[in-house]
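> Sequence positions in the sequence shown follow UniProt numbering and run 1 to 749. By construction, the Cβ of each residue, glycine as well, lies at the ideal position given by its N, Cα and C atoms.
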Amino acid sequence: MEHLFDKLQTIAKIGVWEVNLNTWEVFWSEETYRIHQVPLNTPILLDDSINFYHPKSRPIIEKSVELAIHEKEPYDLELQLITAKGVVKWVRAIGIPVIENGRVTALQGLFQDIDKQRTTEEELRYTQGKLKLALDAGEVGIWDWSLGDNELQWNQRMHQIFDWPEDCFQNSLSGFTDRLHPDDQEKVVDVLQIALENKTKYDMSYRVADQQGNIKTIVAKGAAIYDTEDNPVNMMGTCVDITGQLALEQEKHNVKTQLEIFVKHAPVATAMFDKKLRYLQASDRWYKDYQLPDDSIIGKSHYEIFPEILQMPEWLAIHQRCLNGEVIKVNEDSFLRKSGQTQWLCYEIHPWYTKSGQVGGVVMFTEDITFRKQIEIQLGQSEAKFRAAFNQAAIGMALVNMQGKFLRVNRCFCQMLGYSRKELLSLDLTAITHSDDVAKELKQFQEMKHGRRRKYEFDKRYCHKDGSTIWVHVVVSLVKDDLKPFFIAQVQDITQRKHKEQELLELNKFLDEKVVQRTQELLSVNEELEAFNYSVSHDLRTPLRSILGFAQALEEDYEEELDDVGKDFLRRIMKASKRMSELIDSLLYLSRIGRRGVVREEVNMSELVESITLNLQEAFPQQSYCYKIAPSVKAKADLGLVKIVLENLLDNAMKYSSKAHRPVIEFGEIAHNKVYYVADQGVGFDMSYVNKLFGAFQRLHSTQEFEGMGIGLATVKRIIMKHRGKIWAESSPNSGATFYFTLDTQAQA
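(1) Can you tell me the Cα-Cα spacing of leucine 504 and arginine 461, whole angstroms?
(2) Identify, in the order they occur along the chain, each residue of the same chain with its Cβ nearer than 8 Å to the Cβ of leucine 616, setting aside the five sequence neighbours on each side.
(3) Given a cut-off of 9 Å on the beta-carbon distance, is the pair leucine 417 and histidine 464 in contact?
(4) In whole angstroms, give me the CA-to-CA distance for residue 750 and phenylalanine 111.
(5) Could you compute how far the alpha carbon of phenylalanine 176 sits from the alpha carbon of lysine 276?
(6) Straight-line CA distance for glutamate 31 to tryptophan 90?
(7) By Cβ distance, which residues of its chain are closer than 8 Å to residue 762, with the 5 residues on each side in sequence left out?
(8) Who are glycine 668's beta bridge partners in DSSP?
(9) Between Leu442, Lys643 and Ser606, which has its C-alpha nearest lysine 628's C-alpha?
(10) Helix, strand or coil for leucine 292, going by three-state DSSP, please let me know.
(11) Tell me which residues share the same chain as asparagine 410 and place their Cβ nearer than 8 Å to its Cβ, disregarding the 5 neighbours each side in the sequence.
(12) Could you check the C-alpha separation between glutamine 185 and glycine 244 for me, to the nearest Å?
(13) Measuring CB to CB, does tyrosine 656 end up less than 9 Å from phenylalanine 741?
(14) Between the C-alpha atoms of valine 268 and proline 307, what's the straight-line distance to the nearest angstrom?
(15) Got a sec? Which residues, its chain only, sit under 8 Å from lysine 72 by beta carbon, not counting five neighbours each side?
(16) Relative to the ligand FMN, is the shortest distance from any of its heavy atoms to the C-beta of glycine 360 smaller than 8 Å?
(17) Tell me, to the nearest whole angstrom, how far the beta carbon of threonine 83 is from that of histidine 54; I am working on the premise that it is less than 8 Å.
(18) With a threshold of 8 Å, are at least 3 pairs of Cβ atoms found where one atom belongs to the stretch 142–153 and the other to the stretch 229–247?
(19) Candidates Thr200, Leu196 and Tyr206: which alpha carbon is nearest aspartate 178's?
(20) Buried or exposed: where does proline 313 fall if 16 or more other Cβ atoms within 10 Å of its Cβ makes it buried?
(21) In angstroms, rounded to a whole number, what distance separates the CA positions of valine 284 and lysine 338?
(22) Which word fits tyrosine 558, buried or exposed, when buried means at least 16 other C-beta atoms lie within 10 angstroms of its C-beta?
(23) Confirm, please, whether the CB-CB distance from glutamine 80 to glycine 95 is below 9 Å.
(24) Taking glutamate 78 and isoleucine 50 to be in contact with their CB atoms under 8 Å, please state how far apart those CB atoms are, rounded to whole angstroms.
(25) Can you give me the C-alpha to C-alpha distance between isoleucine 547 and histidine 661, rounded to a whole angstrom?
(26) Determine, using beta-carbon pairs with one atom in the stretch 337–357 and one in the stretch 369–378, whether at least three such pairs fall under 8 Å.
(27) With 9 Å set as the bound, which would you pick, yes or no: does the beta-carbon of valine 233 sit closer than that to a beta-carbon of chain C?
(28) Note the first and the last residue of the continuous beta strand (DSSP E) segment covering cysteine 414.
(29) Taking 9 Å as the threshold (C-beta atoms), are alanine 93 and isoleucine 61 in contact?
(30) Give the straight-line distance between the Cα atoms of serine 426 and lysine 405, rounded to the nearest whole angstrom.
(31) If I'm right that isoleucine 305 touches isoleucine 297 with Cβ under 8 Å, what's the distance once you round it to whole angstroms?
(32) Is alanine 84 helix, strand or coil by DSSP?
(33) Only counting the same chain, and skipping five residues up and downstream in sequence, which positions put a Cβ closer than 8 Å to that of methionine 158?
(34) Could you give the uninterrupted runs of the beta strand (DSSP E) lying entirely in the stretch 56–118, keeping only those of 3 residues or more?
(35) Considering just the uninterrupted stretch of the alpha helix (DSSP H) at glutamate 601, what are its terminal residues?
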């Protein structure tokens with residue numbers, strides 16, 4: 001029945017529509033979409049529906065809708081519409097308010113394309129007017145021309161036909177011919193003259209203009225009356241205004257031509273037959289749908305074109321019933337062609353009648369629905385597959401209507417919530433949703449209903465039948481079915497995962513607290529170590545100064561009294577004391593660096609490196625270095641501290657490259673990534689010892705080979721860490737070394 005209803009809508013070009021005034025949802029049937037030339041299932045709002053009307057019609061429909069809503073008044077209007085493709089057409093809009101508890105809750109109605117009907121009515125009115133004019137002109141005008149006194153007499157109808165002013169031609173022939181169309185004046189005189197001379201009747205047509213300047217075509221017939229001596233004494237005749245007739249004939253010709261064109265190009269397969277079912281006319285679509293050759297089938301029998309019908313008694317009976325005056329309509333029928341192919345058809349067969357009211361034959365309107373039928377079969381198969389997949393899915397699945405009520409649920413969904421299928425189908429989404437999640441779901445639900453999103457997914461909580469709470473991940477999509485749209489929900493139980501996540505959050509919180517605690521403890525220890533370091537360094541300096549002072553006094557005053565062994569011991573004491581003093585100075589220096597704060601400013605690293613290398617070059621006068629310094633390298637750092645970093649790194653690079661031939665010292669930045677580097681071509685080191693590289697008083701080379709206290713890189717690392725940066729090195733023995741460092745990339749941004 002639904003398919004028949006859709007087909008009737010299509011044939012009658014009548015669509016159905018509804019507006020829910022509670023949700024402002026608009027429903028259009030397929031025919032309503034077709035009339036508006038809008039793609040099927042396009043979301044439509046009430047304002048969209050009204051804006052399709054022609055600007056001249058829009059106030060009328062807006063007023064009618066307002067009265068229907070507020071005054072409960074139905075409406076039935078014929079208005080002009082502008083389709084989505086810009087086509088202007090006439091439509092009939094019928095609206096009926098749906099009243100519940102005294103309030104209008106919806107508007108329902110019909111929508112019909114009447115453009116052809118209106119056009120036909122206008123053409124009909126035009127044709128009827130022409131026909132009336134022709135009928136009026138069918139009354140004959142009579143005239144009498146007295147040849148003796150050249151007097152011309154007209155009856156009243158002649159004056160009506162010609163519509164000339166009274167006595168405009170003084171009742172004379174010459175006055176009459178002078179008022180004819182210039183191109184016809186000579187012809188009329190010649191015809192009359194020939195008829196008089198040959199004593200024959202005449203039949204001619206000519207054109208005249210009435211008082212308004214309208215040109216009329218007149219058919220004139222007449223003959224002369226002769227006396228006993230065969231002299232013409234009178235000429236009498238009739239005049240008929242055939243202007244309307246000529247126009248009507250032209251109109252009929254146009255209508256006939258248009259009808260032939262309409263049949264030929266009809267959008268459905270159309271054919272006209274006589275009583276013996278011989279073809280009188282057939283549309284191009286008829287040839288196409290039935291795969292007929294291009295040569296004409298006109299005049300041939302329907303059974304000759306389709307001999308297989310002779311093997312189908314039911315079709316022969318249908319044809320006979322139509323020839324008896326019955327109208328046959330079939331929405332779906334199979335037609336087994338002689339090729340073995342089954343063609344599915346929807347058809348109507350109407351008798352047509354002669355002027356006498358007798359059946360003259362039949363007209364067939366058919367539509368090839370084979371493709372649609374195949375789709376329906378495939379859809380049926382797909383529906384069966386979907387139903388099986390739905391019911392057997394390993395996750396919960398549910399179909400939900402636009403009001404949030406369950407239409408279908410699968411076994412897994414029932415088990416997840418502890419309800420039977422029957423129980424769930426009596427509930428809606430809000431009944432099983434945790435109260436804290438209802439508002440969020442309803443918001444997304446409404447957004448999908450109104451076309452503002454295509455799907456939504458999130459984690460939420462359901463209430464199990466036993467009262468417990470379960471966590472689920474839901475994915476909801478909107479399905480726009482031909483009948484009514486609905487939602488499909490995929491539901492996965494993630495309760496265990498949520499519990500694990502909660503446990504992980506609690507563990508992370510505990511670890512974060514432990515990290516904060518340990519960090520605070522380490523900071524306290526470091527502060528104590530700094531204080532101890534500083535205190536020890538100061539406490540050691542006083543006795544060391546005494547040792548060094550007495551040793552110098554002993555050298556100055558008693559060196560001559562000491563033998564060689566004593567002198568050697570004295571030199572050893574002084575050398576160790578100086579070494580100890582340098583170590584204490586280094587410790588104090590490292591301690592001061594640790595306590596100093598960082599004051600950032602923009603530092604031109606390239607200029608700073610150039611200045612440092614210029615000063616350091618004086619410490620290595622015997623060596624010639626090549627410097628490659630990248631230009632315009634800048635950083636936000638503490639100028640004093642970053643200078644210490646570069647002095648130590650560049651000093652090491654020059655020191656450990658001093659034995660190479662014209663070594664290259666390089667400074668730069670990696671691709672503007674705020675990673676700086678100092679590279680040399682010195683002796684390098686084994687990467688297996690890299691963990692010792694930045695420790696205080698840690699050396700990878702002996703003091704005999706290269707001088708130093710082993711405190712420089714420890715100082716560099718401490719400064720880099722105070723900047724919240726990182727430092728690392730890459731090297732191999734005898735292949736040079738490259739030191740990379742950052743100065744807190746967030747501070748650089």
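Well, looking at it:
(1) Straight-line Cα distance between these residues: approximately 20 Å.
(2) Same-chain partners within the cutoff: Glu647, Leu650, Asp651 and Met654.
(3) Yes. Within cutoff.
(4) Absent from the structure is residue 750, since the part of the chain shown begins at 1 and ends at 749.
(5) Distance between the alpha carbons of phenylalanine 176 and lysine 276 is about 57 Å.
(6) Taking the straight line joining both Cα atoms gives about 15 Å.
(7) Nothing about residue 762 can be reported from this structure: the residues present for the chain run from 1 to 749 only.
(8) Answer is Tyr677, bridged to glycine 668.
(9) Per the Cα distances, Ser606.
(10) When DSSP states are grouped into helix, strand and coil, leucine 292 belongs to the coil group.
(11) By the criterion of a C-beta distance shorter than 8 Å, asparagine 410 is surrounded in its chain by Phe390, Asn391, Gln392, Ala393, Gly396, Met397 and Ala398, once the five residues flanking it on both sides are discounted.
(12) Computed Cα separation, rounded: 22 Å.
(13) Cβ atoms of tyrosine 656 and phenylalanine 741: not closer than 9 Å.
(14) Each residue's alpha carbon lies about 22 Å from the other.
(15) These residues qualify, in order along the chain: Pro97, Ile99 and Val104.
(16) In the structure shown, the ligand FMN is absent, as is every other ligand, since no ligand is present at all.
(17) The pair is not a contact, with the Cβ atoms about 11 Å apart (cut-off 8 Å).
(18) Cβ pair count under 8 Å is three or more, so yes.
(19) The option with the nearest alpha carbon to aspartate 178 is Tyr206.
(20) Classification of proline 313: exposed, given that the 10 Å Cβ count is below 16.
(21) One detail in the question is off: residue 284 reads as aspartate in this sequence, not valine. Cα to Cα, the separation comes out at about 22 Å.
(22) That one is exposed.
(23) In this structure, glycine 95 keeps its C-beta atom at 9 Å or more from the C-beta atom of glutamine 80.
(24) Not a contact, Cβ separation roughly 16 Å.
(25) Their Cα atoms are separated by approximately 43 Å.
(26) Verdict: yes, contact present.
(27) Any reference to chain C falls outside this structure, which holds one protein chain only.
(28) Cysteine 414 -> not in any beta strand (DSSP E); alpha helix (DSSP H) instead, spanning 411–417.
(29) A contact, by the Cβ cut-off of 9 Å.
(30) Going by the C-alpha atoms only, they are around 8 Å apart.
(31) Isoleucine 305 to isoleucine 297, Cβ: 6 Å. Contact.
(32) Coil at alanine 84, not helix or strand.
(33) Closer than 8 Å at Cβ, skipping near neighbours: Gly141, Ile142, Trp143 and Cys239.
(34) Those beta strand (DSSP E) runs which fall completely within the stretch 56–118 and span 3+ residues are 75–82, 88–100 and 103–113.
(35) Per DSSP, glutamate 601 belongs to no alpha helix (DSSP H); it is in the beta strand (DSSP E), 601–604.
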